[in-house]
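Peer 1: The following block contains the structure, expressed as structure tokens.
2 protein chains.
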Amino acid sequence: MSTDRLAILGGRPEYSEPLHVGQLYAPPWDEFKDQFDGIFRRRYFTNHGPLVSQLEKDLSEFLNCQAICVTNGTLGLMVALKSLGLSGKVIVPSFTFPATVQALYWAGIEPVFCDVDYDTHAISAEHISPLITEEVTGILYVSLWGGLADTTDIERLAENHSLKLLHDACHAFAASYAKRSSAQIGDVSVFSLHATKILNGLEGGIIATSNHEVADQVRTIRNFHSSHTHAAVPLRINAKMSEAQAGMALLSLTRVRKNVENNLLQWQTFYRNLNDIPGIKIYRYDEQCSGNYQYFNFEIDDVRFGLTRDMLLQCLQSEGIAARRYFSPGVHNLSPYDVLFPQYANTLPNTDKLCLRTLQLPIGAMCTIDTADRISRLIRMAHDDAHLVKNQLAEMP
Amino acid sequence: MSTDRLAILGGRPEYSEPLHVGQLYAPPWDEFKDQFDGIFRRRYFTNHGPLVSQLEKDLSEFLNCQAICVTNGTLGLMVALKSLGLSGKVIVPSFTFPATVQALYWAGIEPVFCDVDYDTHAISAEHISPLITEEVTGILYVSLWGGLADTTDIERLAENHSLKLLHDACHAFAASYAKRSSAQIGDVSVFSLHATKILNGLEGGIIATSNHEVADQVRTIRNFHSSHTHAAVPLRINAKMSEAQAGMALLSLTRVRKNVENNLLQWQTFYRNLNDIPGIKIYRYDEQCSGNYQYFNFEIDDVRFGLTRDMLLQCLQSEGIAARRYFSPGVHNLSPYDVLFPQYANTLPNTDKLCLRTLQLPIGAMCTIDTADRISRLIRMAHDDAHLVKNQLAEMP
Numbered sequence: 000m001s002t003d004r005l006a007i008l009g010g011r012p013e014y015s016e017p018l019h020v021g022q023l024y025a026p027p028w029d030e031f032k033d034q035f036d037g038i039f040r041r042r043y044f045t046n047h048g049p050l051v052s053q054l055e056k057d058l059s060e061f062l063n064c065q066a067i068c069v070t071n072g073t074l075g076l077m078v079a080l081k082s083l084g085l086s087g088k089v090i091v092p093s094f095t096f097p098a099t100v101q102a103l104y105w106a107g108i109e110p111v112f113c114d115v116d117y118d119t120h121a122i123s124a125e126h127i128s129p130l131i132t133e134e135v136t137g138i139l140y141v142s143l144w145g146g147l148a149d150t151t152d153i154e155r156l157a158e159n160h161s162l163k164l165l166h167d168a169c170h171a172f173a174a175s176y177a178k179r180s181s182a183q184i185g186d187v188s189v190f191s192l193h194a195t196k197i198l199n200g201l202e203g204g205i206i207a208t209s210n211h212e213v214a215d216q217v218r219t220i221r222n223f224h225s226s227h228t229h230a231a232v233p234l235r236i237n238a239k240m241s242e243a244q245a246g247m248a249l250l251s252l253t254r255v256r257k258n259v260e261n262n263l264l265q266w267q268t269f270y271r272n273l274n275d276i277p278g279i280k281i282y283r284y285d286e287q288c289s290g291n292y293q294y295f296n297f298e299i300d301d302v303r304f305g306l307t308r309d310m311l312l313q314c315l316q317s318e319g320i321a322a323r324r325y326f327s328p329g330v331h332n333l334s335p336y337d338v339l340f341p342q343y344a345n346t347l348p349n350t351d352k353l354c355l356r357t358l359q360l361p362i363g364a365m366c367t368i369d370t371a372d373r374i375s376r377l378i379r380m381a382h383d384d385a386h387l388v389k390n391q392l393a394e395m396p
Numbered sequence: 000m001s002t003d004r005l006a007i008l009g010g011r012p013e014y015s016e017p018l019h020v021g022q023l024y025a026p027p028w029d030e031f032k033d034q035f036d037g038i039f040r041r042r043y044f045t046n047h048g049p050l051v052s053q054l055e056k057d058l059s060e061f062l063n064c065q066a067i068c069v070t071n072g073t074l075g076l077m078v079a080l081k082s083l084g085l086s087g088k089v090i091v092p093s094f095t096f097p098a099t100v101q102a103l104y105w106a107g108i109e110p111v112f113c114d115v116d117y118d119t120h121a122i123s124a125e126h127i128s129p130l131i132t133e134e135v136t137g138i139l140y141v142s143l144w145g146g147l148a149d150t151t152d153i154e155r156l157a158e159n160h161s162l163k164l165l166h167d168a169c170h171a172f173a174a175s176y177a178k179r180s181s182a183q184i185g186d187v188s189v190f191s192l193h194a195t196k197i198l199n200g201l202e203g204g205i206i207a208t209s210n211h212e213v214a215d216q217v218r219t220i221r222n223f224h225s226s227h228t229h230a231a232v233p234l235r236i237n238a239k240m241s242e243a244q245a246g247m248a249l250l251s252l253t254r255v256r257k258n259v260e261n262n263l264l265q266w267q268t269f270y271r272n273l274n275d276i277p278g279i280k281i282y283r284y285d286e287q288c289s290g291n292y293q294y295f296n297f298e299i300d301d302v303r304f305g306l307t308r309d310m311l312l313q314c315l316q317s318e319g320i321a322a323r324r325y326f327s328p329g330v331h332n333l334s335p336y337d338v339l340f341p342q343y344a345n346t347l348p349n350t351d352k353l354c355l356r357t358l359q360l361p362i363g364a365m366c367t368i369d370t371a372d373r374i375s376r377l378i379r380m381a382h383d384d385a386h387l388v389k390n391q392l393a394e395m396p
């Protein structure tokens, strides 16, 4: 039975256990047990074992390109940057998970922070163009919220300027735009298989490319050593995926389509429930995009909604709903980049505004349409009682 | 029943399944099953879960310092280098696994290759001293073969020159010198928990330090993001250990002492059997060292033994014994370092000689005293029939 009073105003919290934005897409115990039984029997734990080989085969088919597995998405980006021979400076959004920029920096590349389009939340050709200089060797494009925007202009721009295009698709597994898969954007796409992603490999990453030379480079770089070859290779690293990761991801892969369908139902429920509330602007996927709907992202206009984004967040947290502010602040305002590159302060207006106003709600494997209905109801109550909530928050220590 | 004729001379191979140098220290299935059952029930797969916390607690006690877990040894070194604020140039042996130098290079640091002492296989104060310049900020000392040499002189040298001392102890878990643990050498020690190491975490690494400030830095750097703090921090990365890795390592940790004892018995068997064969020089641990005896390392003088190291390797491989040449060639002769730093060619005579002459034999969890006896017998046969073997190899394509 749902409460009639917000927890922040003294009601009973809606959830006793916190409901997280990052969901866990776990297989049934029997399948999990059998998979780990097999790993144990084979005593093959890492170093590109049979499950990693199987996963790469299945993913290559699923993504229709060469898929190479690595430890995690961050290492995936680092290896991909080296496989493309990038150096000097690379154009990258600041409105992204910090790992995007960290990967650049570990690879010895200076980020050129680019503002995003206010509607797509992605960098656009219009924002990128003025930033292209002699030192820029590539573009690191980020797809957010499990969707994919139109990248045609950016691909043309990269080609015209002979820039490499690396796609941070960590959010975008199983997404497509105009029937083109997220693995087919640019020279290389990198996916995350973190436990909270639509494809769960505990931790994990995929480097996807249709370029055979780049794929060979990736395979060489991810393994620090091979006794078979001492051929000329770039800097290498240990980015090996273990059999435990691959075993989990294989089980998860069989359920991706079903989980996406389930996410979409929840996403649509949120959309229906929240779309007419004043001051709420829901992030909309392009009509030609088919996403994985792992994130429900919306923006709060505090004047019209009655509360700021952070006030609403406090409301939801007191209900046991672990909503999240992705990304706050933008990476250009995070250490060490704020000190290293102070020139970007106040130059990325869309990024700064989105960082202040957007919020994500729980969606996914451990949620249902009922969850979406209950959370929506609480947000409506927060809007209706905005005045009371504001006063209450003002009195809190 | 053992063969009377070497396989390379037409006999039946000693082993039908290859016997590897890297052994797998696996727990019993029941314990493994219970551990993974627990991970599944908790649905806590990564992001510093309860098993990682438990492992860090147990390791801190075992090592008598602060132990922080990471994805693998390479990332452990990378994070450790950043936590110590190292930059510019760092002195490092070339006689090491390539990952040691790769970690430096990813951290933006130029390696200064240092020759090793011919008996300890480690860099010594004598070799390090002439390499110290204004640009050198630290020493990356590597302990090999599961043992530990006397590091007093190097520690004094580092202190006198205000150099940081980072200890690559990837081979040296559970080793000590004069009762001082391998975790207590220098500012930070890094261990590997690769599946073939004495402590098996599938993949994995430990950063160990007694310095609280450094430990705090390590904890910050290994996790790319924290919603709790935006304090000034250096470059971060995703180096998180998953619960699967920690679960395996916890089971392995309870057996480390027993596995070390078992290794020692095998090591002693090899020593007894091989020590009197002409042209064989066995790597000897210092009297004050207590090692994990994970590697049996010896050197071949081809004139006295009758065969080169590589010829003996071929003999053993044809018997199903996957002996290994660590490290061949030295890192300074590997791509990309040979091209980047050609000045080191032929300047590291001990390294070059060891790279040509040393060989490792299988020792560990899947081996026994009997294995050591059988392998030793084959090596003696190879020496006795050296002339025949040499002729046979000359005729092979």
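Order-wise, the sequence lines are chains A and B. For the first sequence, position 34 matches number 33 in our numbering, and the numbering has no gaps at all. For the second sequence, position 106 matches number 105 in our numbering, and the numbering has no gaps at all. Each residue gets a CB set at the ideal place from its N, CA and C atoms; glycine is no exception.
1) What does B:K32 pair with, by DSSP beta-bridge criteria?
2) Could you tell me whether the segment 82 to 99 of chain A touches the segment 205 to 225 of chain A, using the rule of 3 or more Cβ pairs below 8 Å?
3) Nearest CA to the CA of B:N199: which residue from B:V51, B:K88, B:R42 and B:L249?
4) From what residue to what residue does the alpha helix (DSSP H) around A:L250 run?
5) Return yes when the Cβ of A:W105 is within less than 7 Å of the Cβ of A:N296, no when it is not.
6) B:A157: buried (16+ other C-beta within 10 angstroms of its C-beta) or exposed?
7) What residue range is occupied by the uninterrupted beta strand (DSSP E) comprising A:N296?
8) What do you get for B:L74, buried or exposed, if any count of 16 or more other CB atoms within 10 angstroms of its CB means buried?
9) On the DSSP letters alone, give me the boundaries of the beta strand (DSSP E) that B:F112 sits inside.
10) Do we get a CB-CB distance below 7 Å when we pair A:F340 with the residues of chain C?
11) Thinking C-alpha only, which one of A:P92, A:V100, A:G107 and A:V135 is nearest A:D116?
12) Distance cutoff 7 Å, beta carbons only. Does B:Q397 sit that close to anything in chain A?
13) For A:A168, which three-state DSSP category applies?
14) Please state if the CB of B:V189 and the CB of B:T208 are separated by a distance shorter than 7 Å.
15) Quick one: does A:L234 have its CB under 7 Å from some CB of chain B?
16) So, is A:F112 buried or exposed, given that buried needs 16 or more other C-beta atoms within 10 angstroms?
17) Where DSSP assigns a beta bridge to A:Y140, which residues make up the other side?
18) Quick one: grab the DSSP three-state call for A:S82.
19) Taking only beta carbons into account, state which residues of the segment 81 to 106 of chain B come closer than 9 Å to chain A, listed in chain order.
20) Indicate whether at least one CB of chain B lies closer than 7 Å to the CB of A:H227.
21) Give me the Cα-Cα distance between A:F304 and A:L315, rounded to the nearest whole angstrom.
22) Chain A beta carbons: is any one of them nearer than 7 Å to that of B:L201?
23) Any beta carbon of chain B sitting closer than 7 Å to that of A:H19?
24) If you compare alpha carbons, which of B:F44, B:L311, B:A177 and B:Y292 is closest to B:L8?
25) Please report how far the alpha carbon of B:D149 lies from the alpha carbon of B:L164, in whole angstroms.
26) Considering only their Cβ atoms, is the gap separating B:N262 from B:Y292 smaller than 7 Å?
27) Nearest by alpha-carbon distance to A:L23: which of A:L201, A:R42 and A:D369 is it?
28) Quick one: using the 10 Å Cβ neighbour count with 16 as the cut-off for buried, is B:H386 buried or exposed?
29) What residues from the segment 37 to 64 of chain B come within 7 Å of chain A, judged by C-beta to C-beta, listed N to C?
30) Note down the Cα distance separating A:S317 from B:V255, rounded to an integer number of angstroms.
31) If you compare alpha carbons, which of A:C354, A:Y343 and A:P335 is closest to A:P327?
32) What's the C-alpha gap between B:S181 and B:F223?
33) According to DSSP, what are the bridge partners of B:I205?
34) Report back the beta-carbon spacing between A:G290 and A:P17 to the nearest angstrom; my notes put them in contact at under 8 Å.
35) Output, in chain order, the set of chain B residues within a Cβ distance shorter than 7 Å of A:H126.
36) Leaving out five residues before and five after A:Y270 in sequence, what residues of the same chain have Cβ atoms less than 7 Å from its Cβ?
Peer 2: Here's the rundown:
1) BP columns for B:K32 are empty, so no partner.
2) yes
3) B:L249
4) E242 to L252
5) no
6) buried
7) F295 to I299
8) buried
9) E109 to C113
10) Considering every chain present, this structure includes no chain C. Its protein chains are A and B.
11) A:P92
12) Any property of residue 397 of chain B remains undetermined from this structure, which presents chain B solely from 0 to 396.
13) coil
14) no
15) yes
16) buried
17) A:H166
18) helix
19) F96, P97, A98, Q101, A102, Y104, W105 and A106
20) At A:H227 the pLDDT is 46, less than 50, meaning the model places this residue with poor confidence; the figure from the coordinates comes in the next sentence. No - not a single Cβ of chain B is within 7 Å of the one on A:H227.
21) 15 Å
22) yes
23) no
24) B:L311
25) 14 Å
26) yes
27) A:L201
28) exposed
29) F39, R42, F44 and T45
30) 46 Å
31) Residue identity differs from the one stated: residue 327 of chain A is Ser in this sequence, not Pro. Among A:C354, A:Y343 and A:P335, the Cα nearest to that of A:S327 is on A:C354.
32) 28 Å
33) B:C68 and B:F190
34) Contact doesn't hold; Cβ gap of about 25 Å is too wide.
35) Ordered by position in chain B, no residue passes the 7 Å Cβ test against A:H126, which lies about 24 Å from the chain.
36) I281
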